[in-house]
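Only one structure is covered here, and it is reproduced in the block below.
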Amino acid sequence: IIGDPNPDIYGNIYTSLSWKGLKLDVNFKYSLGNDVFNYQRSQLEALNNNWNQTTAAVNRWRYEGQKTDIPRAMDPTSTQWVNNERFSDRWIEDGSYLKLKNIRLTYNVPVNLSWLLGLSVWGECNNVFTISKYTGNDPEFSAGNGVLYQGIDAGYLNQGRNFSLGVTINL
Numbered sequence: 002i003i004g005d006p007n008p009d010i011y012g013n014i015y016t017s018l019s020w021k022g023l024k025l026d027v028n029f030k031y032s033l034g035n036d037v038f039n040y041q042r043s044q045l046e047a048l049n050n051n052w053n054q055t056t057a058a059v060n061r062w063r064y065e066g067q068k069t070d071i072p073r074a075m076d077p078t079s080t081q082w083v084n085n086e087r088f089s090d091r092w093i094e095d096g097s098y099l100k101l102k103n104i105r106l107t108y109n110v111p112v113n114l115s116w117l118l119g120l121s122v123w124g125e126c127n128n129v130f131t132i133s134k135y136t137g138n139d140p141e142f143s144a145g146n147g148v149l150y151q152g153i154d155a156g157y158l159n160q161g162r163n164f165s166l167g168v169t170i171n172l
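Numbering of the sequence shown is given in this note's numbering, commencing with residue 2 and proceeding in unit increments.
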């Protein structure tokens with residue numbers, strides 16, 4: 002059996018640090034030991050004339066004795082064009098990652114008003130960075146909701162980084 006989409010271990014690491022009126026919340030997410038079938042790469046490195054190809058095609062096999070892990074390009078007139086994109090362990094990659102999922106800095110403004118119980122100003126960033134050897138867009142993905150889609154990266158857009166600013170008023 003090649004490729005196990007189930008991680009050996011996964012979880013979150015959360016910490017909250019406070020100093021005077023400042024509070025820093027940090028949330029890391031991790032997954033270790035899961036494999037990913039990089040379907041998008043299998044199509045974009047198939048070396049046939051049906052789709053655009055990645056720059057990996059430059060390193061394709063061309064002559065006897067050449068050292069490369071990229072197969073030769075297929076003859077566009079061949080009826081065997083599917084050979085380079087067939088399922089292979091070449092498309093199975095380590096999907097382990099460490100991601101800074103969320104970071105938030107809050108400042109609690111000191112107030113001395115009877116009608117105002119609290120005032121804080123905060124800034125937040127989601128999907129700050131990801132550390133992974135995975136060559137796809139994002140190792141934290143889902144090709145669908147069903148169990149049969151688990152561990153298959155079909156090339157969907159990754160989760161975007163976003164920034165938020167806010168004010169919390171307690172009356």
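Glycine residues also receive a C-beta, built at the ideal position from the N, C-alpha and C atoms. This structure is a prediction, so every number in the text was calculated from the model and none was measured.
### LYS24 versus LEU18 - alpha carbon distance
Mapped onto the sequence shown, residue 24 falls at position 23. Mapped onto the sequence shown, residue 18 falls at position 17. Spanning the alpha carbons of LYS24 and LEU18 requires a straight line of approximately 6 Å.
### Task
Would you identify the three-state DSSP class for ASP139, choosing helix, strand or coil?
Locating residue 139 in the sequence shown gives position 138, where the first residue counts as 1. Looking at ASP139 - three-state DSSP - the assignment turns out to be coil, as it is neither helix nor strand.
### Query
Where does THR56 fall in DSSP's three states?
Within the sequence shown, the letter at position 55 stands for residue 56. THR56 carries a helical assignment under DSSP once its states are collapsed to helix, strand and coil.
### Query
Which two residues bound the contiguous beta strand (DSSP E) that contains SER32?
Looking up residue 32 in the sequence shown gives position 31. Where SER32 is concerned, the enclosing beta strand (DSSP E) stretches over 23 to 33.
### Task
Take the Cβ of GLY119 as the centre, count every other Cβ of all protein chains shown within 10 Å, and call the residue buried at 16 or more, exposed below.
Along the sequence shown, one-based indexing puts residue 119 at 118. By the 16-neighbour rule on beta-carbons within 10 angstroms, GLY119 is exposed.
### Message
Using only CA atoms, which one of LEU114, ASP95, GLY22, ILE153 lies nearest to ALA144?
### Response
Your numbering for residue 144 matches position 143 in the sequence shown. Selected option, being the one with the closest Cα: ILE153.
### Message
Could you check whether the stretch 29 to 41 touches the stretch 65 to 75, counting it as contact only if at least three pairs of C-beta atoms, one from each stretch, sit closer than 8 Å?
### Response
Touching, no, given that fewer than three Cβ pairs across the two stretches are closer than 8 Å.
### Message
Using CA atoms only, rank isn't needed, just tell me which of TRP52, MET75, GLY167 is closest to TRP62.
### Response
Along the sequence shown, read from residue 1 onward, the residue named residue 62 stands at position 61. Ranking TRP52, MET75, GLY167 by Cα distance to TRP62 puts MET75 first.
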